[in-house]
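Student: Here the sequence shown is numbered in this note's numbering, starting from 5 and rising by one per residue.
Glycine included, every Cβ here is placed at the ideal spot set by N, Cα and C.
Take a look at this one; I'll ask things after.
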Amino acid sequence: MAVCSSGSEPSGSIGKGWIVHSLLIGAAVAAAAVAAHGGFFRRLLWRGGYRSRVVGIIPARFASSRFQGKPLVHILGKPMIQRTWERAKMASTLDHVVVATDDETIAKCCRGFGADVVMTSEACKNGTERCNEALEKLGKDYDVVVNIQGDEPLIDPEIIDGIVKSLQESPDAVFSTAVTSLKPDDGTDPNRVKCIVDNNGYAIYFSRGLIPYNKSGKVNPQFPYLLHLGIQSFDAKLLKIYPKLAPYVYR
Numbered sequence: 005m006a007v008c009s010s011g012s013e014p015s016g017s018i019g020k021g022w023i024v025h026s027l028l029i030g031a032a033v034a035a036a037a038v039a040a041h042g043g044f045f046r047r048l049l050w051r052g053g054y055r056s057r058v059v060g061i062i063p064a065r066f067a068s069s070r071f072q073g074k075p076l077v078h079i080l081g082k083p084m085i086q087r088t089w090e091r092a093k094m095a096s097t098l099d100h101v102v103v104a105t106d107d108e109t110i111a112k113c114c115r116g117f118g119a120d121v122v123m124t125s126e127a128c129k130n131g132t133e134r135c136n137e138a139l140e141k142l143g144k145d146y147d148v149v150v151n152i153q154g155d156e157p158l159i160d161p162e163i164i165d166g167i168v169k170s171l172q173e174s175p176d177a178v179f180s181t182a183v184t185s186l187k188p189d190d191g192t193d194p195n196r197v198k199c200i201v202d203n204n205g206y207a208i209y210f211s212r213g214l215i216p217y218n219k220s221g222k223v224n225p226q227f228p229y230l231l232h233l234g235i236q237s238f239d240a241k242l243l244k245i246y247p248k249l250a251p252y253v254y255r
């Protein structure tokens, strides 16, 4: 596996049809978090003001249990992390894009193709914790933080813009994400996280199981199931308390 070399060919693009489906969904507040920090959330939601300052953070670690060094794997001549960074840079809503990593090899690679890098602790349990640490180390007053997974080399900039705008236009929400249509054949696949939403596009529940569930336990081929995409945007104040919240387990 090549460690890093910067190519020069332009990144590809994803068809607009994908966007029509992927930007169906918007903002959600986790019920458990609201219950545990009700006073904080009420103050946050009623504070007013437009959340205009946005940073995109790409968490990337080398020591993955399933695929070590994945961010550095080359895709048509460029490391995966570079292709993800280039796509994120195309989003019009992001004022700044940084890579957050705990590995010097990844950091050196990213600096080599021009990315700003924030070094974070190996103790981070997940990408969101890494984003929170990176935000603290940036030392700038951002309103919205977008967590862009480092293994999304084909992420569409319009998906990033969509979840940012969804959060900015929803003053009663502190978190936003995106979904797309799920093939009925994947309805029982636990590797596919499903989502159900209310009539206003607010997320109600996420699960690795089939939702909504029916008495037969079988997939309804006529039902428009939704697949949760692995990208989130947070109100920066929510992100700061996120590491203190009890983990949510998909069921």
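Which same chain residues end up closer than 7 Å to residue 135 when comparing Cβ atoms and leaving out the 5 residues on each side of it in sequence?
Tutor: On the sequence shown, residue 135 is found 131 positions in, with the first residue counted as 1. These residues qualify, in order along the chain: 61, 63, 104, 149, 151 and 243.
Student: Helix or strand or just coil, what does DSSP make of residue 175?
Tutor: Within the sequence shown, residue 175 is the residue found at index 171, counting from 1. Three-state DSSP puts residue 175 in coil, outside helix and strand.
Student: Quick check: what's the CA-CA separation for residue 169 versus residue 99?
Tutor: Here residue 169 corresponds to residue number 165 of the sequence shown, with the count starting at 1. Here residue 99 corresponds to residue number 95 of the sequence shown, with the count starting at 1. Approximately 13 Å between the Cα atoms of the pair.
Student: DSSP on residue 248, reduced to helix/strand/coil?
Tutor: As a working note, residue 248 is residue 244 in the sequence shown. Looking at residue 248 - three-state DSSP - the assignment turns out to be helix.
Student: If you measure between the beta carbons of residue 231 and residue 223, is that distance less than 8 Å?
Tutor: Locating residue 231 in the sequence shown gives position 227, counting from the first residue. Locating residue 223 in the sequence shown gives position 219, counting from the first residue. No, they are not a contact pair.
Student: Touch check for the region 119–130 and the region 86–101: three-plus C-beta pairs under 8 Å?
Tutor: The region 119–130 is in contact with the region 86–101.
Student: Just grab the DSSP bridge partners of residue 231 for me.
Tutor: On the sequence shown, position 227 is the one that residue 231 refers to. DSSP lists 184 and 198 as the bridge partner or partners of residue 231.
Student: State buried or exposed for residue 115, treating a residue as buried only when at least 16 other CB atoms are found within 10 Å of its CB.
Tutor: Walking along the sequence shown from the start, residue 115 turns up at place 111. Exposed is the call here.
Student: Does the count of Cβ pairs from the region 202–220 and the region 125–142 closer than 8 Å reach three?
Tutor: no
Student: Would you check if there are 3 or more beta carbon pairs closer than 8 Å linking the region 85–94 to the region 175–189?
Tutor: The answer is no - the region 175–189 does not touch the region 85–94, with fewer than three Cβ pairs under 8 Å.
Student: Suppose the cutoff is 6 Å on Cβ atoms and the five residues either side in sequence are ignored; what does the same chain contact list for residue 144 look like?
Tutor: Along the sequence shown, read from residue 1 onward, the residue named residue 144 stands at position 140. Same-chain partners within the cutoff: there are none.
Student: Residues in its own chain within less than 8 Å of residue 185 by CB, not counting five upstream and five downstream?
Tutor: Residue 185 sits at position 181 when you count from the first residue of the sequence shown. Beyond the five residues adjoining it in sequence on each side, residue 185 comes within less than 8 Å, by CB distance, of 25, 228, 229, 230 and 231 in the same chain, given in chain order.
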